[in-house]
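Report on the following structure.
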Amino acid sequence: MRKRNSGLLLALPALAGFLVFYFVPFLITGWYSVSFGIGKREFVGMANFQDLFENEMFLLAVKNTLRYMIVTVPVTLFGAIVLSILLQNTVRGVRFFQLSFLYPMILPIASVVLGVQFLWGESGIWNKVMELLGGEAKDWLNSSAAFWVLCILYCWRFTGYYVLIYFARLQMIPKEYYEYAMLFGAGKFQSFRHITWPMLIPTFMFTIVLSVMNAFKCYREAFLLGGNYPDDSIYLLQHFMNNNFQNLNYQKISAAAVSIVAALLLAAGVVYVLYLIMRRGKKYG
Amino acid sequence: MRKQNRVRKGVAVLSVCALAAGLCSCGIDEKSEEKKILWVVTEKRLYDNVNLAAEFIEGTNSEIQVDIQTLAEYKEEREPQIQKLKTEIMAGKGPDLFLLDSIPENAEREGGFLIDNPYKTMQSGALASLDTFMEKDSYWEDGNYNKTFLKAGQYDGRQYIIPMSVCYYVLPRSEDIEEMTGDTLEEWLEQIRASDDIRLKQALYMFSAHGARWMQPAADYETKEVLLDKDKWVEFSEKYFQFRKEAYEEISGKENELYFRPLNKTLLAFYESQIDLQVVPDIEGRKMASIMSYGAVSMSSDRKKEAYDFLMLFLNDRTEQYRKKHADDSSMGLPSLYGYLDGNYMPVQKTAFEQWGEFPSEEMIQEMQESFREIDGAYFLTEGERALNFDVMAGNSRVTNLNCDIETEFSKIADTAIDTYKMLVEE
Numbered sequence: 001m002r003k004r005n006s007g008l009l010l011a012l013p014a015l016a017g018f019l020v021f022y023f024v025p026f027l028i029t030g031w032y033s034v035s036f037g038i039g040k041r042e043f044v045g046m047a048n049f050q051d052l053f054e055n056e057m058f059l060l061a062v063k064n065t066l067r068y069m070i071v072t073v074p075v076t077l078f079g080a081i082v083l084s085i086l087l088q089n090t091v092r093g094v095r096f097f098q099l100s101f102l103y104p105m106i107l108p109i110a111s112v113v114l115g116v117q118f119l120w121g122e123s124g125i126w127n128k129v130m131e132l133l134g135g136e137a138k139d140w141l142n143s144s145a146a147f148w149v150l151c152i153l154y155c156w157r158f159t160g161y162y163v164l165i166y167f168a169r170l171q172m173i174p175k176e177y178y179e180y181a182m183l184f185g186a187g188k189f190q191s192f193r194h195i196t197w198p199m200l201i202p203t204f205m206f207t208i209v210l211s212v213m214n215a216f217k218c219y220r221e222a223f224l225l226g227g228n229y230p231d232d233s234i235y236l237l238q239h240f241m242n243n244n245f246q247n248l249n250y251q252k253i254s255a256a257a258v259s260i261v262a263a264l265l266l267a268a269g270v271v272y273v274l275y276l277i278m279r280r281g282k283k284y285g
Numbered sequence: 001m002r003k004q005n006r007v008r009k010g011v012a013v014l015s016v017c018a019l020a021a022g023l024c025s026c027g028i029d030e031k032s033e034e035k036k037i038l039w040v041v042t043e044k045r046l047y048d049n050v051n052l053a054a055e056f057i058e059g060t061n062s063e064i065q066v067d068i069q070t071l072a073e074y075k076e077e078r079e080p081q082i083q084k085l086k087t088e089i090m091a092g093k094g095p096d097l098f099l100l101d102s103i104p105e106n107a108e109r110e111g112g113f114l115i116d117n118p119y120k121t122m123q124s125g126a127l128a129s130l131d132t133f134m135e136k137d138s139y140w141e142d143g144n145y146n147k148t149f150l151k152a153g154q155y156d157g158r159q160y161i162i163p164m165s166v167c168y169y170v171l172p173r174s175e176d177i178e179e180m181t182g183d184t185l186e187e188w189l190e191q192i193r194a195s196d197d198i199r200l201k202q203a204l205y206m207f208s209a210h211g212a213r214w215m216q217p218a219a220d221y222e223t224k225e226v227l228l229d230k231d232k233w234v235e236f237s238e239k240y241f242q243f244r245k246e247a248y249e250e251i252s253g254k255e256n257e258l259y260f261r262p263l264n265k266t267l268l269a270f271y272e273s274q275i276d277l278q279v280v281p282d283i284e285g286r287k288m289a290s291i292m293s294y295g296a297v298s299m300s301s302d303r304k305k306e307a308y309d310f311l312m313l314f315l316n317d318r319t320e321q322y323r324k325k326h327a328d329d330s331s332m333g334l335p336s337l338y339g340y341l342d343g344n345y346m347p348v349q350k351t352a353f354e355q356w357g358e359f360p361s362e363e364m365i366q367e368m369q370e371s372f373r374e375i376d377g378a379y380f381l382t383e384g385e386r387a388l389n390f391d392v393m394a395g396n397s398r399v400t401n402l403n404c405d406i407e408t409e410f411s412k413i414a415d416t417a418i419d420t421y422k423m424l425v426e427e
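Residue numbers (the UniProt record's numbering), protein chains in the order written: chain A, 1 to 285; chain B, 1 to 427.
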């Protein structure tokens with residue numbers, strides 16, 4: 001009992017910070033989302049939400065952001081799992097590989113984007129190769145291909161980071177488990193399915209959250225590739241938010257923020273209910 | 001045990017109190033209650049005139065104190081300053097009055113604008129409607145202000161922004177230069193192409209940096225329509241860059257004598273008299289001016305009336321009247337404003353031309369007034385125009401230096417511009 005109370009006390013500064021810097025501003029955002037004007041705000045009910053869901057650019061931004069996450073999150077995490085298992089089985093140069101996985105994260109994003117332009121820009125290497133092969137040069141970064149360039153950039157930047165997280169977890173699995181499994185005739189796939197994967201699940205869940213958060217933070221890359229108004233394919237939620245902030249349209253950003261949080265809470269709720277159902281199903285056979 | 005519980009409770013109560021005190025203090029207005037403080041945000045370029053108006057207001061009304069904040073000129077300072085101001089505006093604690101400009105140079109310096117897109121900001125509720133004050137103001141009855149400019153500052157039938165200076169291009173034509181007889185830019189192009197006058201060719205040749213002016217207005221933010229007509233724009237671009245290719249041999253190596261010039265102070269310094277100012281039309285024959293500076297009152301201001309009165313000092317003759325009325329007493333020391341805010345670009349009322357132009361000749365004033373009457377409307381420069389101008393210059397370089405196909409190049413540029421405008425109006 002005493003232990004729990006002390007814990008609460010210790011958590012108080014963090015909780016107070018959360019209340020002041022996140023929760024209270026979010027309540028204010030909630031008020032902004034149902035009112036209009038600045039200073040003396042006028043209650044307008046759901047009008048801002050109605051405007052928002054009729055706004056073509058918002059819908060495009062949501063579509064692109066979802067599409068971006070659907071592509072990048074699984075590819076990055078799957079790639080990271082494969083690479084971390086390969087790394088675990090590597091005998092020599094583990095430290096070198098560990099470091100090299102971190103390089104994409106250390107490099108300044110502006111120079112990375114310069115490199116991307118060097119590869120896929122209008123006068124980039126890719127176009128030169130295409131022309132040599134008799135194809136037609138194209139402004140890849142101002143076409144629908146920009147979306148795939150952005151996806152590649154994300155995967156390249158973050159896969160290594162998740163590899164290190166998975167690798168650290170894999171190192172913690174006792175070798176004896178695998179030895180017992182081998183004794184009982186388990187193959188590599190079975191060892192993975194019955195030992196590695198169950199042990200990785202908590203880390204995997206954690207990296208999903210991290211990966212989704214990082215996918216939301218890809219604005220810098222998209223901005224450096226196409227500016228405030230890039231090609232339709234890479235117009236993301238952050239563009240919508242940022243551009244409306246520049247235009248001082250706070251009710252629109254607030255309505256968008258509340259909608260996103262509501263959608264995330266709804267998704268989390270659905271996952272949690274599914275989890276409860278599955279657990280109850282297991283319990284009762 | 002009991003003592004420990006009391007300590008815990010005490011800490012908890014203290015934390016809650018500290019939190020509550022912190023939150024409450026957010027709402028305390030620290031400004032002096034003795035004087036009404038009018039917070040004006042402006043650009044360095046406009047500071048001198050704004051300061052004169054502040055001196056006048058403070059000299060005539062002891063209850064008002066004007067705080068002028070000037071936006072920095074360079075990116076390092078300007079960007080964080082603008083972000084801070086935007087956050088303050090969002091919290092409802094922003095400036096009372098905005099006296100800003102939208103000259104492209106600010107974008108080039110990459111510091112950006114406090115109001116990025118005036119059309120969108122009018123829709124956001126950040127600016128106060130000025131109709132109530134304008135209805136009671138006799139200034140708007142005498143017809144001095146060129147009313148065609150007001151439309152750009154309206155949204156949903158209400159006036160939010162008052163344009164304070166504009167820019168349009170003219171052909172400063174002396175008697176020995178052929179008069180342009182066509183109504184559209186395309187007709188001018190044909191006439192100049194057929195003409196033997198190399199000076200006209202030079203003038204049109206140099207007009208390539210203003211691609212965004214070729215068709216205006218390019219978008220209607222209220223109806224969310226893109227008005228830029230791709231076919232017409234590309235057709236004109238083809239003809240224009242073909243003309244440039246043909247004219248290059250003829251004009252290269254010769255000193256440029258004639259330009260299509262923006263009607264500003266520099267032009268007045270070049271030409272004193274005996275000049276005809278022909279306004280350059282766009283592809284569809286409209287004669288549009290871009291707004292170079294404007295004034296708007298913040299929605300969150302508690303001093304909207306005072307802010308409006310301050311803004312109007314740059315348009316009405318209040319300072320002049322005051323000076324005449326108090327010619328004999330010490331208030332002579334108060335400054336006079338002569339109906340304009342922006343010392344460089346065209347004022348929005350013809351009565352200000354004389355003082356603004358530093359007493360140009362009668363002929364010149366007449367020419368300016370005539371050109372002023374011809375203007376069909378005004379528009380704000382947005383990201384759309386800035387990007388289009390940049391793309392046209394880049395396209396020009398590709399067409400000239402790399403011999404790229406004109407139609408393909410400018411078709412791509414038009415597509416990009418239309419996409420950008422679509423995003424701007426829809427967003």
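Cβ atoms here follow ideal geometry from the backbone N, Cα and C, with glycine treated the same way. Bear in mind that the values here come from a model prediction, so they are computed numbers and not experimental data.
Can you look up residue i in the DSSP assignment and give me helix, strand or coil?
i: Lys36 (chain B); result: strand
i: Val112 (chain A); result: helix
i: Met215 (chain B); result: coil
i: Glu30 (chain B); result: Its pLDDT being 47, under 50, Glu30 (chain B) is placed unreliably in this model, and the value from its coordinates should be taken loosely. Correct three-state label for Glu30 (chain B): coil.
i: Asn48 (chain A); result: helix
i: Tyr160 (chain B); result: coil
i: Lys177 (chain A); result: Before going further, note that residue 177 (chain A) is Tyr rather than Lys in the sequence given. If DSSP states are grouped into helix, strand and coil, Tyr177 (chain A) belongs with the helices.
i: Val226 (chain B); result: strand
i: Phe359 (chain B); result: coil
i: Arg318 (chain B); result: helix
i: Gln238 (chain A); result: helix
i: Asp131 (chain B); result: helix
i: Glu246 (chain B); result: helix
i: Gln274 (chain B); result: coil
i: Val280 (chain B); result: coil
By the criterion of Cβ-Cβ separation under 7 Å, what are the contact partners of residue i in chain A?
i: Lys230 (chain B); result: In chain order: nothing, as chain A lies at least about 16 Å away.
i: Asn117 (chain B); result: Asn247
i: Thr408 (chain B); result: In chain order: nothing, as chain A lies at least about 11 Å away.
i: Gly92 (chain B); result: Ile38, Gly39
Candidates the options: which alpha carbon is nearest residue i's?
i: Pro80 (chain B); options: B:Asp101, B:Glu58, B:Phe113; result: B:Phe113
i: Val212 (chain A); options: A:Phe23, A:Gln50, A:Val71; result: A:Val71
i: Ala296 (chain B); options: B:Thr70, B:Gln154, B:Lys84, B:Tyr74; result: B:Gln154
i: Leu258 (chain B); options: B:Gln83, B:Leu277, B:Glu63, B:Glu249; result: B:Leu277
i: Ile208 (chain A); options: A:Leu60, A:Phe101, A:Leu77; result: A:Leu77
i: Glu415 (chain B); options: B:Val392, B:Gly343, B:Asn403, B:Ser129; result: According to the sequence displayed, residue 415 (chain B) carries Asp and not Glu. Of the listed residues, the one whose Cα sits closest to Asp415 (chain B) is B:Val392.
i: residue 287 (chain A); options: A:Ala80, A:Gln50, A:Gly39; result: An answer regarding residue 287 (chain A) cannot be provided, because it is not within the stretch 1 to 285 covered by chain A.
i: Lys217 (chain A); options: A:Asp139, A:Ile165, A:Thr65; result: A:Thr65
i: Ala152 (chain B); options: B:Tyr145, B:Pro163, B:Pro95, B:Val280; result: B:Pro163
i: residue 334 (chain A); options: A:Gln171, A:Gly269, A:Gln50, A:Gly187; result: Residue coverage of chain A in this structure runs from 1 to 285, which leaves residue 334 (chain A) outside it and unanswerable.
Where residue i and residue j are concerned, what is the direct C-alpha to C-alpha distance, given to the nearest angstrom?
i: residue 428 (chain B); j: Val166 (chain B); result: This structure cannot speak to residue 428 (chain B), because chain B is shown only from 1 to 427.
i: Arg244 (chain B); j: Ser237 (chain B); result: 10 Å
i: Tyr421 (chain B); j: Lys86 (chain B); result: 24 Å
i: Glu427 (chain B); j: Val112 (chain A); result: 29 Å
i: Gly157 (chain B); j: Glu222 (chain B); result: 10 Å
i: Glu409 (chain B); j: Ala394 (chain B); result: 10 Å
i: Phe21 (chain A); j: Gly185 (chain A); result: 55 Å
i: Leu127 (chain B); j: Val163 (chain A); result: 51 Å
i: Thr196 (chain A); j: Arg67 (chain A); result: 30 Å
i: Pro230 (chain A); j: Gly281 (chain A); result: 48 Å
i: Phe223 (chain A); j: Gly115 (chain A); result: 15 Å
i: Gly124 (chain A); j: Arg157 (chain A); result: 21 Å
i: Ile253 (chain A); j: Phe53 (chain A); result: 12 Å
Identify the contact partners of residue i in chain A, using a Cβ-Cβ distance below 8 Å as the criterion.
i: Glu383 (chain B); result: Asn228, Tyr229
Quick one: list the residues of chain A neighbouring residue i, beta-carbon separation under 9 Å, in chain order.
i: Ile375 (chain B); result: Per Cβ cutoff of 9 Å: no residues; Ile375 (chain B) is ~27 Å from chain A at best.
For a contact defined as C-beta to C-beta under 7 Å, what are the partners of residue i on chain B?
i: Phe37 (chain A); result: According to the sequence provided, residue 37 (chain A) is Gly. The question's Phe does not apply to it. Going along chain B in sequence order, the residues near Gly37 (chain A) (Cβ under 7 Å) are Gly125, Met299.
i: Gln50 (chain A); result: Those within 7 Å of Gln50 (chain A) in chain B number zero; the least Cβ separation is about 15 Å.
Kindly list, in the order they appear in chain B, the residues whose Cβ is closer than 8 Å to that of residue i.
i: Gln251 (chain A); result: Ser124, Gly125
i: Glu56 (chain A); result: Glu426
Against residue i, what residues of chain B qualify as contacts under a CB-to-CB distance less than 9 Å, listed in chain order?
i: Asn244 (chain A); result: Lys120, Ser124, Glu427
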